[in-house]
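2 protein chains.
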Amino acid sequence: MVYVTKHSGEREEFDPQKVEYALLRSGADKTLAQYITEEVKRRLYDGIKTGEIYAIAFELLSKSDTHTAARFGLKQAIMRLGPSGYTFEKFMSRVLAEYGYKTKINQTIPGRCALHEVDIVAENGKMKYMIECKYHNTQGMDTGLKEALYSFARFEDLRDAGNDFTAPWIICNTKVTTEAVKYAECKGMRVTSWGYPPQGSLQELIDGKSLYPLTMLATLTEDEKNKLANSGEVLLQDLISMDARKLAEITGVPEGKLKPLEEEIRGIATNLPKGL
Amino acid sequence: MVYVTKHSGEREEFDPQKVEYALLRSGADKTLAQYITEEVKRRLYDGIKTGEIYAIAFELLSKSDTHTAARFGLKQAIMRLGPSGYTFEKFMSRVLAEYGYKTKINQTIPGRCALHEVDIVAENGKMKYMIECKYHNTQGMDTGLKEALYSFARFEDLRDAGNDFTAPWIICNTKVTTEAVKYAECKGMRVTSWGYPPQGSLQELIDGKSLYPLTMLATLTEDEKNKLANSGEVLLQDLISMDARKLAEITGVPEGKLKPLEEEIRGIATNLPKGL
Numbered sequence: 001m002v003y004v005t006k007h008s009g010e011r012e013e014f015d016p017q018k019v020e021y022a023l024l025r026s027g028a029d030k031t032l033a034q035y036i037t038e039e040v041k042r043r044l045y046d047g048i049k050t051g052e053i054y055a056i057a058f059e060l061l062s063k064s065d066t067h068t069a070a071r072f073g074l075k076q077a078i079m080r081l082g083p084s085g086y087t088f089e090k091f092m093s094r095v096l097a098e099y100g101y102k103t104k105i106n107q108t109i110p111g112r113c114a115l116h117e118v119d120i121v122a123e124n125g126k127m128k129y130m131i132e133c134k135y136h137n138t139q140g141m142d143t144g145l146k147e148a149l150y151s152f153a154r155f156e157d158l159r160d161a162g163n164d165f166t167a168p169w170i171i172c173n174t175k176v177t178t179e180a181v182k183y184a185e186c187k188g189m190r191v192t193s194w195g196y197p198p199q200g201s202l203q204e205l206i207d208g209k210s211l212y213p214l215t216m217l218a219t220l221t222e223d224e225k226n227k228l229a230n231s232g233e234v235l236l237q238d239l240i241s242m243d244a245r246k247l248a249e250i251t252g253v254p255e256g257k258l259k260p261l262e263e264e265i266r267g268i269a270t271n272l273p274k275g276l
Numbered sequence: 277m278v279y280v281t282k283h284s285g286e287r288e289e290f291d292p293q294k295v296e297y298a299l300l301r302s303g304a305d306k307t308l309a310q311y312i313t314e315e316v317k318r319r320l321y322d323g324i325k326t327g328e329i330y331a332i333a334f335e336l337l338s339k340s341d342t343h344t345a346a347r348f349g350l351k352q353a354i355m356r357l358g359p360s361g362y363t364f365e366k367f368m369s370r371v372l373a374e375y376g377y378k379t380k381i382n383q384t385i386p387g388r389c390a391l392h393e394v395d396i397v398a399e400n401g402k403m404k405y406m407i408e409c410k411y412h413n414t415q416g417m418d419t420g421l422k423e424a425l426y427s428f429a430r431f432e433d434l435r436d437a438g439n440d441f442t443a444p445w446i447i448c449n450t451k452v453t454t455e456a457v458k459y460a461e462c463k464g465m466r467v468t469s470w471g472y473p474p475q476g477s478l479q480e481l482i483d484g485k486s487l488y489p490l491t492m493l494a495t496l497t498e499d500e501k502n503k504l505a506n507s508g509e510v511l512l513q514d515l516i517s518m519d520a521r522k523l524a525e526i527t528g529v530p531e532g533k534l535k536p537l538e539e540e541i542r543g544i545a546t547n548l549p550k551g552l
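Just so you know, the protein sequences line up as chains A and V, in that order.
Per our numbering, numbering through the first sequence is continuous, rising by one, with the last residue being 276.
Per our numbering, numbering through the second sequence is continuous, rising by one, with the last residue being 552.
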């Protein structure tokens, strides 16, 4: 029995089904998904990190299907955004900023009847959105009607207190149920998720401006990623342009030992095609 | 290491802290809670059911503090309402019926923007409530603002489609956060939970008419309770008045073997004081 170390530090029995399923969901065909899963099993060792497993799968996938590889790598990388420093809210706030929004995260705002935690406030000239981020660190956890309902009730309560939000917006890293989408559309609420809407889904927003999260890198430890996040670097492209000295300074990795990281960054930058 | 068998059938390591904590939360003082926990530990055996553990604690508590015992027994019994046949919705529907409401459970009703599952519809001459039941089978899981928000949004969407509900009502078996109560009161939403409101809390509704759930009985198996629930018997008082032959018929327990059950029913009926 081989145990893997999860993102959170917990240990869990290795389950090849999970790897195969993740590959299939990214669009790999059955034969390829099975082949890669077998390869992953061959390279396992006790205590391996889930991040490493996905890096192996990503590498193998890149060799035969670059489009699927990009989708797979990105989806897994978003799943690995932490509950700690390097959060989905922080990442999405940066992505929205690249699309011209002025953003603020984790705002506490009084409504008429309750005090609300708003994940992101995003405004451009026309719109001021109250954004609810739903982040799940496992596959298959869909965002449903309840989340859509409470986001709308929150928006209403904030508006009733005189806040000038123009619409609520749910952004999530997994799928959204049909019922939730139906309700949101009917209520004029915006929803962005993995695969939805057909134009402007989460992966399109990210890919459209190559805003890949740092968690795509398997060579960085949890701690190193958090250090980077805390100093404001949340994207892969931030690192591409960063000089080795600064990278060493922030992460605490000696300059002489940065080679694997630099190689990985270059590798991913080459592997990620536009328009995934 | 002693393992206990949970309500769900899962096995879990015995944790004396949980017993002590449950006793303290029901109002037992520290010395008594510790003494009872020690006694429980002495009587443990591998594979013991959580229901039996609480029955032992209940019995010991009854001998020295009947009020706390009643509160403790009731709270645990509600926690043991199943995810299967014998549900919290079914129990609460019966309790409300005893208070003069006409009730229906698990209704699917179209709103303006979505199709909603309503746990209980309860109406008397004046009010027609849309009731959302929040049931937790562990201590310390409070119902919070999100639940209050989505219940209200659901109510609004149903009303927008022309449904004649007069107010939403959240009923839950654990505590409700202050923020959720504040929002609910502000929105005209009724909330009934363990300990809230001071007049007419869940325990008062139940105790006011001695509407104790069958799950207070440790001598019944899961299967026997479900059989009773499916034949419409959800309260202890239903059994007190039932003749042995019918009880045997429904539960499948031979008439000759009903003695422990009958003794337990009598015991609890004697132990539960009014006005807990």
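Beta carbons: idealized from backbone N, C-alpha and C, even for Gly.
Alpha carbon to alpha carbon, how far is residue i from residue j?
i        : j        : result
Ile312/V : Asp341/V : 12 Å
Leu81/A  : Ala524/V : 57 Å
Ile446/V : Tyr330/V : 27 Å
Ser507/V : Pro489/V : 15 Å
Met216/A : Gly27/A  : 18 Å
Lys378/V : Val452/V : 26 Å
Tyr196/A : Phe88/A  : 17 Å
Leu337/V : Val457/V : 32 Å
Glu498/V : Gly285/V : 10 Å
Asn542/V : Leu145/A : Residue identity differs from the one stated: residue 542/V is Arg in this sequence, not Asn. One C-alpha to the other measures close to 46 Å.
Ala69/A  : Ala77/A  : 12 Å
Gln199/A : Thr138/A : 24 Å
Thr31/A  : Gln203/A : 25 Å
Leu205/A : Glu147/A : 22 Å
Met277/V : Lys257/A : 47 Å
Asp29/A  : Arg318/V : 58 Å
So, residue i versus residue j, is the Cβ gap smaller than 9 Å?
i        : j        : result
Met355/V : His412/V : yes
Leu425/V : Ala114/A : yes
His116/A : Arg154/A : yes
Val118/A : Glu132/A : yes
Ile324/V : Val371/V : no
Ser369/V : Thr419/V : no
Leu228/A : Thr251/A : yes
Met242/A : Glu255/A : no
Lys351/V : Arg301/V : yes
Glu539/V : Ala520/V : no
Met417/V : Thr454/V : no
Which class does residue i belong to by DSSP, given the choice of helix, strand or coil?
i        : result
Pro110/A : strand
Asp160/A : helix
Met127/A : coil
Glu296/V : helix
Pro168/A : strand
Glu13/A  : strand
Ser201/A : coil
Glu233/A : coil
Ala28/A  : coil
Asp395/V : strand
Thr192/A : strand
Thr281/V : strand
I'd like the list of long-range same chain contacts for residue i, defined as Cβ closer than 8 Å, with 5 residues on each side in sequence excluded.
i        : result
Gly275/A : Summary for Gly275/A: the model assigns pLDDT 47, below 50, so the residue's position carries little reliability; its value from the coordinates is reported in the next sentence. Hits under 8 Å: Asp207.
Gln237/A : Ser210, Leu211, Tyr212
Thr442/V : Lys402, Met403, Lys404, Tyr405
Residues in its own chain within less than 6 Å of residue i by CB, not counting five upstream and five downstream?
i        : result
Gln17/A  : none
Gly387/V : Asp433, Leu434, Ala437
Lys380/V : Val397
Gly376/V : Asn400
Ser151/A : Glu132, Pro168, Ile170
Ala460/V : Ala424, Val467
Gly73/A  : Phe58, Met216
Ala309/V : Glu296, Leu299, Leu300
Would you please state the rounded distance, in angstroms, between the beta carbons of residue i and residue j? I believe it to be under 8 Å.
i        : j        : result
Lys6/A   : Glu12/A  : 6 Å
Cys448/V : Lys410/V : 4 Å
Glu235/V : Val467/V : Given that chain V is displayed from residue 277 to residue 552, the structure contains no residue 235/V and the question cannot be resolved.
Leaving out the 5 sequence neighbours to the left and right, which residues in its chain are closer than 7 Å to residue i when beta-carbon positions are compared?
i        : result
Asp164/A : Lys128
Val295/V : Thr313, Val316, Ile329, Ala333
Pro260/A : Thr219
Phe91/A  : Leu81, Pro213, Val234
Ile385/V : His392, Val394, Leu434, Asn439
Leu320/V : Val278, Phe290
Any heavy atom of the ligand NAP closer than 8 Å to the Cβ of residue i?
i        : result
Glu288/V : Although the ligand NAP was asked about, the structure shown includes no ligands whatsoever.
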